[in-house]
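Note that the UniProt record's numbering has the sequence shown beginning at 1, numbered continuously upward.
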Amino acid sequence: QMWEEAIALGKELAEQYENEMFDYEQLSELLRKQAQFYENIVKVIRPKPDYFAVGYYGQGFPTFIRNKVFIYRGKEYERREDFEARLLTQFPNAEKMKTTSPPGDDIKNFSGQYIQCFTVKPKLDLPSKFHRPVSEQIVSFYRVNEVQRFEYSRPVRKGEKNPDNEFANMWIERTIYVTAYKLPGILRWFEVKSVFMVEISPLENAIETMQLTNDKINNMVQQHLNDPNLPINPLSMLLNGIVDPAVMGGFTNYEKAFFTDKYMHEHPEDHDKIEKLKDLIAWQIPFLAEGIRIHGEKVTEALRPFHERMEACFRQLKDKVEKQYGVRAVLSSLDDRRGSRPRSMVRSFTMPSSSRPLSVASVSSISSDSTPSRPGSDGFVLEPLLPKKMHSRSQDKLDKDDLDKDKKEKKKEKRNSKHQEIFDKEFKSTDISLQQSEAVILSETISPLRPQRPKSQVINVISSERRFSVSPSPPSSQMTPPPITPRTKLSFSIQSNLELNGMSSSDIPDIPPPLPLKGSMADYGNLMESQDLISPTTSPPAHQRVSP
Numbered sequence: 001q002m003w004e005e006a007i008a009l010g011k012e013l014a015e016q017y018e019n020e021m022f023d024y025e026q027l028s029e030l031l032r033k034q035a036q037f038y039e040n041i042v043k044v045i046r047p048k049p050d051y052f053a054v055g056y057y058g059q060g061f062p063t064f065i066r067n068k069v070f071i072y073r074g075k076e077y078e079r080r081e082d083f084e085a086r087l088l089t090q091f092p093n094a095e096k097m098k099t100t101s102p103p104g105d106d107i108k109n110f111s112g113q114y115i116q117c118f119t120v121k122p123k124l125d126l127p128s129k130f131h132r133p134v135s136e137q138i139v140s141f142y143r144v145n146e147v148q149r150f151e152y153s154r155p156v157r158k159g160e161k162n163p164d165n166e167f168a169n170m171w172i173e174r175t176i177y178v179t180a181y182k183l184p185g186i187l188r189w190f191e192v193k194s195v196f197m198v199e200i201s202p203l204e205n206a207i208e209t210m211q212l213t214n215d216k217i218n219n220m221v222q223q224h225l226n227d228p229n230l231p232i233n234p235l236s237m238l239l240n241g242i243v244d245p246a247v248m249g250g251f252t253n254y255e256k257a258f259f260t261d262k263y264m265h266e267h268p269e270d271h272d273k274i275e276k277l278k279d280l281i282a283w284q285i286p287f288l289a290e291g292i293r294i295h296g297e298k299v300t301e302a303l304r305p306f307h308e309r310m311e312a313c314f315r316q317l318k319d320k321v322e323k324q325y326g327v328r329a330v331l332s333s334l335d336d337r338r339g340s341r342p343r344s345m346v347r348s349f350t351m352p353s354s355s356r357p358l359s360v361a362s363v364s365s366i367s368s369d370s371t372p373s374r375p376g377s378d379g380f381v382l383e384p385l386l387p388k389k390m391h392s393r394s395q396d397k398l399d400k401d402d403l404d405k406d407k408k409e410k411k412k413e414k415r416n417s418k419h420q421e422i423f424d425k426e427f428k429s430t431d432i433s434l435q436q437s438e439a440v441i442l443s444e445t446i447s448p449l450r451p452q453r454p455k456s457q458v459i460n461v462i463s464s465e466r467r468f469s470v471s472p473s474p475p476s477s478q479m480t481p482p483p484i485t486p487r488t489k490l491s492f493s494i495q496s497n498l499e500l501n502g503m504s505s506s507d508i509p510d511i512p513p514p515l516p517l518k519g520s521m522a523d524y525g526n527l528m529e530s531q532d533l534i535s536p537t538t539s540p541p542a543h544q545r546v547s548p
């Protein structure tokens with residue numbers, strides 16, 4: 001269930017699949033697994049194992065563990081008694097120590113075996129990427145994983161014993177253990193490399209306790225907000241233990257011990273710490289209010305009297321705290337959980353028309369015409385808002401496009417004129433009367449569905465044109481061929497041309513009409529000499545046309 005570690009390894013694999021192996025099938029499967037891991041982190045509650053400090057003292061142990069302390073990671077839900085029993089099975093002759101204080105030299109030099117075992121608390125060490133508050137469900141993993149510092153707190157009383165208030169002289173002796181590597185690692189236990197001790201004063205202990213209590217209330221409230229199906233019993237016990245003074249006394253003991261004139265006079269250096277403790281007490285009220293509200297929504301009818309009594313105790317506590325330490329308020333949990341609109345989305349919808357990028361169509365329409373194609377969404381004309389540099393660049397681009405377009409038109413015009421000349425020479429006899437009449441609809445734009453001529457055929461046409469120009473053609477006295485009018489733009493299909501030649505759509509042959517008969521020369525240079533053999537008014541019959 002260490003999904004965070006699996007995600008880190010998955011990112012390394014994803015880099016290989018995406019940029020080295022280009023195995024997108026494995027990449028997609030890996031990303032689906034990562035998505036499931038992220039969902040598990042947020043929704044699945046994982047057990048928190050305990051950590052135990054184990055010291056092996058005496059000359060009877062092997063040298064690699066003799067007189068050394070190790071930190072062990074226990075199994076899930078494993079108690080200290082079960083861990084000790086499992087440990088002693090490995091060393092059946094060892095004797096368990098009854099105290100948690102460091103042993104003396106007499107025990108370290110003893111010929112037998114002594115084992116010291118007690119529970120330690122891991123010290124949270126959040127990664128640097130968590131630079132802002134995050135969900136407790138995410139942070140909880142790092143409370144018991146990737147930890148290298150562990151602490152053990154032992155209460156120590158100094159000064160006279162106060163029977164009325166035990167918090168006034170209760171000091172905390174805290175021992176910090178630092179392991180060689182972070183736990184868990186390749187092993188479930190690592191050697192302690194350094195040990196140091198600090199003392200916590202009673203006031204500092206009170207501040208730390210209040211901070212932990214507030215965090216515990218807030219975390220449990222967030223868990224119930226995220227998962228309404230959680231059992232209500234842990235929340236009931238936590239709230240009742242804080243609100244009901246008959247259970248634990250609440251923070252009344254702190255007020256008796258530290259908020260007195262005697263303590264302020266004896267410890268003037270603790271003024272800032274006392275103010276911090278008062279602030280933590282005031283902040284506890286809004287956390288309790290949210291917890292009691294959730295408890296009231298989920299409580300059963302059988303526990304309704306218990307909840308009403310807890311509400312009555314909380315109202316008294318709230319009036320007292322707000323009167324003495326002020327009022328604190330937190331944002332609604334619903335507002336915290338409701339994600340705000342992404343900044344990029346807001347910017348895309350609220351961007352003014354002056355900074356809104358124009359499309360290519362808008363730029364071309366503005367550049368080509370004096371008036372824009374449409375006004376802006378805010379009612380202003382878009383043309384003044386177009387930057388001058390962009391306008392000039394787009395104008396140059398449009399001018400270049402116009403030149404390219406003119407060149408293409410000239411090429412099409414030249415090619416169409418050559419096609420028209422050949423077409424007229426082949427069907428001259430039938431086209432004379434039609435050409436002298438109203439202009440044929442062959443001057444329209446070229447159809448985009450008409451395929452282009454291959455380059456080889458274009459070259460042949462050009463060579464034949466040159467031969468037409470140099471071949472002698474004696475003037476015919478019988479008929480004068482009509483002048484060939486150049487067509488700027490030509491578009492024709494088989495159906496329309498054959499209809500012009502007197503053939504209906506039903507008489508269209510499967511193959512195009514053949515070329516005229518060749519002469520002795522290997523070209524069509526004798527085409528003009530053979531025109532006088534053909535009647536200018538009648539076209540040759542279909543059965544007399546012989547395929548070349």
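We put the CB at the ideal spot given by N, CA and C, even for glycine.
- The three-state reading of DSSP puts L87 in helix, counting H, G and I together.
- G55 carries a strand assignment under DSSP once its states are collapsed to helix, strand and coil.
- Put simply, the backbone Cα of F314 is about 50 Å away from that of Y56.
- The three-state secondary structure of M170, taken from DSSP, is strand.
- Under the three-state reduction of DSSP output, K273 falls in the helix class.
- If you draw a straight line from the Cα of Y77 to the Cα of H265, it is about 48 Å long.
- Listed in chain order, the non-local C-beta contacts of L277 below 8 Å within the same chain comprise L203, A206, I207, M210, Y254 and F258, local neighbours out to five positions each way being set aside.
- In the three-state DSSP reduction, P234 falls in the helix class (H, G or I).
- In terms of CA proximity to E308, S236 leads the group I138, E146 and S236.
- Taking a C-beta distance under 8 Å as the contact criterion, K96 and E84 qualify as a contact pair.
- With fewer than three CB-CB distances shorter than 8 Å, the segment 131-144 does not count as touching the segment 85-95.
- Inside the segment 95-175, DSSP marks whole beta strand (DSSP E) runs of 3 or more residues at positions 114-122 and 147-157, from first to last along the chain.
- One thing to note: V144 has its Cβ within 8 Å of the Cβ of P122.
- Under DSSP, I71 forms a beta bridge with A53 and F190.
- M170 and P102 have their C-alpha atoms roughly 21 Å apart.
- Note on Q116: 16 or more other CB atoms within 10 angstroms of its CB, so buried under the neighbour-count rule.
- Ranked by Cα distance from F190, the options Q113, A289, N214 and Y51 are led by Y51.
- Cβ-Cβ distances below 6 Å link W3 to F37, N40 and I41 in the same chain, with the five nearest sequence neighbours on each side left out; the list follows chain order.
- Close CB contacts of L317 within its chain, under the 7 Å cut and outside five residues either way in sequence, are with V243 (chain order).
- Taking one beta carbon from each stretch, the segment 210-220 and the segment 286-302 have 3 or more pairs nearer than 8 Å; the two touch.
- Between the alpha carbons of T300 and R46 lies a gap of roughly 27 Å.
- In this structure, the alpha-carbon of Y17 lies about 13 Å from that of L9.
- Excluding its 5 nearest sequence neighbours in each direction, F287 has C-beta neighbours in its own chain below 8 Å: N214, I217, N218, V221 and V330, listed in chain order.
- Straight across, the Cα-Cα distance linking V139 with F110 is about 44 Å.
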